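Have a look at the structure below, then the notes.
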Amino acid sequence: MSQAPKPEELLRVSHIPPKKDWMDPRVDLIPGTWGYPGKASSLETLGLPNPREWNPTDEDWKLPPNWKEIIHEGLKERLEKYRSLKVFLDICVRCGACADKCHFFIGSGDPKNMPVLRAELLRSIYRKDFTTVGRMLGTFAGGRELTEDVIKEWFYYFHQCTECRRCSLYCPYGIDTAEITIVVRELLNLIGVNIDWILGAAANCYRTGNHLGLEPHTFKGNIDFLVDDIEEYVGVRLNPTFNRKGAEVLFIAPSGDVFADPGIFTYMGYLMLFEHIGLDYTISTYASEGGNFGLFTSQETMKRLNSKMYAEAKRLGVKWILGGECGHMWRVLHQYMDTMNGPADFLEVPKSPITGTVFDNAKSTKMIHIVEFMADLIHHGKLKLNPKRNDYRRTTWHDSCNVSRGMGMFEEPRYVLKSVCNNFFEMPENTIREQTFCCGGGTGLNAGEFEYLRMMGGMPRAFAVKHVQEKHGVNLLVNVCALDRAILPPLMDYWAPEVSVSGLTELVANALVMEGEHDRPTDLRGEDIPGLEGDE
Amino acid sequence: MAVWYSLLLVLGMSLFVYLGAGLLGLQAIFGIAIPYAAILVFLIGFTMRVLGWARSPVPFRIPTTAGQQKSLDWIKPSKIDSPYTTWGVVGRMAMEVLLFRSLFRNTKAEITEGKLAYGSNKWLWLAGILFHYTFLTIVIRHLRFFTEPVPYFVQALENIDGMLQIGSPVIYQTDVILVAALLFLLIRRLVSPQLRYISLPADYFPLFLILGIALSGIMMRYFAIFKVDLMSVKVLAMGLATFNPIVPEGIGVMFYIHLFLFSMLLAYFPFSKLMHLGGVFLSPTRNLPNDSRMVRHVNPWNAPVKVHTYEHYEDDFREKMIEADLPVEKQA
């Protein structure tokens, strides 16, 4: 499927708004920029309202007869539940500082992709229905009538926001469009308006424990394949355990890492790392998903999916939980999990059995990020590394949105990366760390049918990569996010060909000197490492 | 359209005062009743609004982290941008409220010659901060009308503000800067196609209203034909402040326009975006510490949800699990 035009055409994007007033809610569904609707079966699995067959291109979306009332009551309830929503709807001054901070606005030029206007799509309805001035003065006060066209507009534009929170960084009042998008998607889910790529994954996760819908034997089988690959490329046979009671640590990674290239190389990295340090850990097939597409559905769905982590940790009797490389997974774990499903008083404060370091920063959730764990190992000299094995890589670091603006993990990954690879080059400062750009496909927008949107939204990230590619010959974009690993490769092919994508642990593992390893002329991908042929 | 409506509204208000206080002589209404009513609306409205926000809980700890988290001992955390202590949060809020820290980050993205570049863009920050501080200074200067004797700091502020000693009466720098900043904010809104596109009457109206207040004040002070009797103004102001209102004769109509527009600003405040004054303090992405893995944040409406339990899961997949050598709780 190729809906995106050539890069040169996309570059000619105009940021001048159209003549049509933004208050007109009617949208053109441009192919490649909207998602197929959630399947009835997925909604039924999750017990969500209004399961049916429908199509966004149809005139009739088969909304429930009282949809208007449902939305009104839903918004009212959420105004009472979230101070963030109430304050953010009331205080925006439309200064426009957020406008060109959104990757979708930069890439598409569509004014409704300016965060300020995206929020106004909801704010205008709120004004009309919930404020005195809006009720009295209507359009003059910025109010709009809630119509089916508004629902369609919401469906379109709130699935063109990846909740990356870049706008919230620049907003003088910290207005966070992610909060608005989260609420609108919740409202839409109340009347059965959603996309398959999110709902299908959430339903899978509910049923099988992971987004991909891998049943326990398949999940284990996939990891067994990775074990075979490690044996082939490294010469060491590993024996990871599953659902094992009494292990010290429960390890949970995003399921994308057991399934697709290049995430699988990262998973191979996890397995090698744990073997290298002799970690007493186990993998669960029940809590086999680190990510959480509930975050993109509703607070309640997020909580339901997330509950498996603590439940499984308790059942298996582990001491603490180690989480794999993921982005939005860590937004949920860092800012939501303990509140939703805690307190985890049956666990212990994470303590590295190798270095003795106690992770006080996770003393309540009892869950740490594998990069925090690795940084500590390397700092204490517990890993036997040969960074020269990564000399053929010229790397740059992509800060994933959620671990950046929803966690603040900047130094740990850089420390790890620099420890295992001699060639590291930062992208321009306006595009990294807290100012980092989204890959263009977070929050469940990685469906094939969204390709055009992703090429537009990923443009700022891709340009920054291209810059270091031209300047420093960068050929590898490293990150800690499973969605990044899926989304960035095609983005690079489109904007910055010849740049590959990898997880951080893959690079660590490639540099690890494993006990009993055979000659390793290839990397974990089975590709020859240039310059290493005659080296060892 | 939005811009003309707003301008006309402010001009209409001024004309209304000219007719009411000037020609019809309703000074008591414009000098006493309306200001009192406006203050009342402001105080009650502002309080209600803030209480309304405070009534909704903060279910999750969602700071936007703009710096390194506190994790390993040897990694230096960012105490202000990713605060993990109360003092860190206080620092972050102070930077936000007093220095407009977030707006200071502002950049401008531009695609030129096939490249995407980000330029520094501090003009909005500069105009914004100048506007707010000059307005504050001017409001404080006005305390001289409501106090007897005039407090030292008001006098001192006045002296500093007129430091350049230009003109007679001496020109206050804040008057000039305030008008310049307002004009910048207005012109920016009109010139930038994107801003113009998003701007509502509610964006232009406060700008024109405050411009009206400033210009009427300036005319009174610096232009002979609009001069008002300052002694009488002070008598009126002291009367208002001491709840002993009197309307002295012979205050020029320009004063009533000035006072009316300011009253309108106060009355309009609680119902408008100007409430960002209160709201910025309650913004959950700024006023919370980044410590949600260290300290459990409690959500008052956290409710039990239906989950797919392990037992249920094993029931669904037991055969397959046994076949794959996965441990099970119950044998088939």
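Read top to bottom, the protein sequences are chains A and B.
For the first sequence, the residue numbers in this note's numbering are 1 to 536.
For the second sequence, the residue numbers in this note's numbering are 537 to 868.
Beta carbons: idealized from backbone N, C-alpha and C, even for Gly.
Everything numeric in this text was worked out from a predicted model, so none of it was measured.
Partner residues on chain A for B:Lys842, Cβ-Cβ distance less than 8 Å: Working through the second sequence from its first residue, we reach residue 842 of chain B at position 306. Neighbours of B:Lys842 on chain A, chain order: Gly47, Arg304.
For a cutoff of 8 Å on Cβ pairs, would you count B:Pro863 as touching chain A? Taking the second sequence and counting its residues from 1, the one referred to as residue 863 of chain B is at position 327. Chain A contact via Cβ: present.
For a quick check, are the C-beta atoms of B:Leu797 and B:Leu721 less than 8 Å apart? Counted from its first residue, the second sequence places residue 797 of chain B at position 261. Counted from its first residue, the second sequence places residue 721 of chain B at position 185. No.
Using Cβ-Cβ distances below 8 Å, what residues of the stretch 11–28 of chain A are close to chain B? Leu11, Val13, His15, Ile16, Pro17, Trp22
Any residues in the stretch 251–268 of chain A with a beta carbon nearer than 8 Å to a beta carbon of chain B? Which ones, in chain order? none
Taking 7 Å as the limit between beta carbons, can you name the residues of its chain near A:Glu434, skipping five residues before and five after? Position 434 of the first sequence, counted from the first residue, corresponds to residue 434 of chain A. Within the same chain, A:Glu434 has close Cβ partners Leu169, Ser404, Arg405.
Quick check: is the beta carbon of B:Val539 nearer than 8 Å to any beta carbon in chain A? Translated into positions along the second sequence, residue 539 of chain B becomes position 3. So no, B:Val539 is outside the interface.
Can you tell which of B:Phe805, B:Leu813, B:Val769 has the C-alpha that lies nearest to the C-alpha of B:Phe793? Taking the second sequence and counting its residues from 1, the one referred to as residue 793 of chain B is at position 257. The residue you asked about is not Phe; residue 793 of chain B is Ile in the sequence shown. Cα-wise, what sits closest to B:Ile793 is B:Val769.
If contact means a Cβ-Cβ distance below 7 Å, which residues of the stretch 174–189 of chain A contact chain B? Gly174, Asp176
For B:Phe681 and B:Tyr688, the rounded distance between their alpha carbons: As a working note, residue 688 of chain B is residue 152 in the second sequence. As a working note, residue 681 of chain B is residue 145 in the second sequence. If I take the Cα positions, the gap works out to 14 Å.
Report the residues of the stretch 62–95 of chain A with a CB closer than 7 Å to any CB of chain B, ordered along the chain. Leu79, Glu80, Lys81, Tyr82, Arg83, Ser84, Lys86, Val87, Asp90, Ile91, Cys92, Val93, Arg94, Cys95
Here's a check: name, in chain order, each residue in its chain whose Cβ is nearer than 6 Å to the Cβ of B:Ile568, leaving out the five neighbours to either side. Reading the second sequence from its first residue, position 32 is the one you call residue 568 of chain B. Counting only Cβ-Cβ distances below 6 Å, and skipping sequence neighbours, we find Pro781.
For A:His217 and B:Ala860, what's the separation of their Cα atoms in angstroms? For the purposes of this step, residue 217 of chain A is taken as the residue at position 217 of the first sequence. For the purposes of this step, residue 860 of chain B is taken as the residue at position 324 of the second sequence. A:His217 and B:Ala860: Cα-Cα distance of roughly 5 Å.
Contacts of A:Leu453 in chain B (Cβ-Cβ under 8 Å): Reading the first sequence from its first residue, position 453 is the one you call residue 453 of chain A. Near A:Leu453 there are no residues of chain B at all, since even the closest Cβ is about 17 Å away, more than 8 Å.
Taking 8 Å as the CB-CB limit, is A:Gly138 close to chain B? In the first sequence, counting from the first residue as 1, residue 138 of chain A sits at position 138. So, not an interface residue.
Segment contact, 8 Å Cβ cut-off, at least three pairs: the stretch 196–212 of chain A with the stretch 237–247 of chain A: no
Answer with yes or no whether the minimum CB distance from A:Glu536 to chain B is below 8 Å. Position 536 of the first sequence, counted from the first residue, corresponds to residue 536 of chain A. Per-residue confidence for A:Glu536 stands at a pLDDT of 46, beneath the threshold of 50, marking its modelled position as unreliable; no derived number is given.
Is any beta-carbon of chain A found at less than 8 Å from that of B:Thr601? Within the second sequence, numbered from 1, the residue matching residue 601 of chain B stands at position 65. So yes, B:Thr601 belongs to the interface.
A:Ala496 beta carbon less than 8 Å from that of A:Ala462: Mapped onto the first sequence, residue 462 of chain A falls at position 462. Mapped onto the first sequence, residue 496 of chain A falls at position 496. Against a cut-off of 8 Å, the Cβ pair of A:Ala496 and A:Ala462 comes out as a contact.
Is it buried or exposed, A:Ala464, if we count other Cβ atoms within 10 angstroms and call 16 or more buried? Locating residue 464 of chain A in the first sequence gives position 464, counting from the first residue. With 16 or more other Cβ atoms within 10 Å, it is buried.
Tell me the residue span of the alpha helix (DSSP H) that contains A:His472. Start at 1 with the first residue of the first sequence, and residue 472 of chain A comes out as number 472. Unbroken alpha helix (DSSP H) run through A:His472: 459–472.
Ignoring anything shorter than 3 residues, give me the beta strand (DSSP E) runs that lie fully in the stretch 120–187 of chain A, in order along the chain. none
Selection from B:Ser542, B:Leu547, B:Asn826, B:Gly748 that minimises the alpha carbon distance to B:Ser618: Here residue 618 of chain B refers to the residue found at position 82 when the second sequence is read from its first residue. When each option's Cα is compared against that of B:Ser618, the closest is B:Asn826.
Classify A:Gly397: buried if its beta carbon has 16 or more other beta carbons within 10 angstroms, exposed otherwise. Translated into the one-based positions of the first sequence, residue 397 of chain A becomes position 397. The sequence shown places Trp at residue 397 of chain A, rather than the Gly named in the question. The residue is buried, with at least 16 neighbouring Cβ atoms inside 10 Å.
With 8 Å set as the bound, which would you pick, yes or no: does the beta-carbon of B:Ser607 sit closer than that to a beta-carbon of chain A? Taking the second sequence and counting its residues from 1, the one referred to as residue 607 of chain B is at position 71. Closer than 8 Å: yes.
is_contact[A:Asn430, chain B] using C-beta, thresh 8 Å: Taking the first residue of the first sequence as position 1, residue 430 of chain A is located at position 430. It does; some Cβ of chain B falls within 8 Å.
If distances are taken between C-alpha atoms only, which option among A:Val93, A:Cys92, A:Asp110, A:Ile91 comes closest to A:Asp100? Taking the first residue of the first sequence as 1, we reach residue 100 of chain A at position 100. Taking only the C-alpha atoms, the option nearest A:Asp100 is A:Asp110.
Give the secondary structure of B:Lys842 by DSSP, where H, G and I count as helix, E and B as strand, and everything else as coil. As a first step, residue 842 of chain B must be located in the second sequence, where it is residue number 306. In this structure, B:Lys842 counts as coil in the three-state DSSP scheme.
I'd like to know if A:Met1 contacts chain B, where contact means its C-beta is closer than 8 Å to some C-beta of that chain. Position 1 of the first sequence, counted from the first residue, corresponds to residue 1 of chain A. Reliability fails at A:Met1, whose pLDDT of 45 lies under 50, so the model's placement of it is uncertain and no value is given.
Is it true that the CB of A:Ala247 sits closer than 8 Å to the CB of A:Arg389? The count along the first sequence starts at 1 and reaches residue 389 of chain A at position 389. The count along the first sequence starts at 1 and reaches residue 247 of chain A at position 247. Not in contact: A:Arg389 and A:Ala247 (Cβ atoms no closer than 8 Å).
Which same chain residues end up closer than 7 Å to A:His369 when comparing Cβ atoms and leaving out the 5 residues on each side of it in sequence? Locating residue 369 of chain A in the first sequence gives position 369, where the first residue counts as 1. If we look at A:His369 and ignore the five residues flanking it on each side, its Cβ neighbours are Gly323, Trp330, Met409.
Could you compute how far the alpha carbon of A:Met1 sits from the alpha carbon of A:Met455? In the first sequence, the residue the question calls residue 1 of chain A occupies position 1. In the first sequence, the residue the question calls residue 455 of chain A occupies position 455. Residue placement at A:Met1 is flagged as unreliable, the pLDDT there being 45, under the threshold of 50; the coordinate-derived value follows with that caveat. Answer to the nearest angstrom: the Cα atoms are 13 Å apart.
Alpha carbon to alpha carbon, how far is A:Glu325 from B:Leu719? Give it in angstroms, no decimals. Here residue 719 of chain B corresponds to residue number 183 of the second sequence, with the count starting at 1. Here residue 325 of chain A corresponds to residue number 325 of the first sequence, with the count starting at 1. Going by the C-alpha atoms only, they are around 50 Å apart.
Could you give the distance in angstroms between the alpha-carbon of B:Gln867 and the alpha-carbon of B:Asp851? As a working note, residue 867 of chain B is residue 331 in the second sequence. As a working note, residue 851 of chain B is residue 315 in the second sequence. Taking the straight line joining both Cα atoms gives about 10 Å.
So, using beta-carbon positions, are B:Met755 and B:Met790 closer together than 8 Å? In the second sequence, counting from the first residue as 1, residue 755 of chain B sits at position 219. In the second sequence, counting from the first residue as 1, residue 790 of chain B sits at position 254. For B:Met755 and B:Met790, yes; Cβs fall inside 8 Å.
Out of curiosity, what's the CA-to-CA distance linking A:Met427 and A:Ala509? By one-based count along the first sequence, residue 427 of chain A stands at place 427. By one-based count along the first sequence, residue 509 of chain A stands at place 509. If I take the Cα positions, the gap works out to 24 Å.
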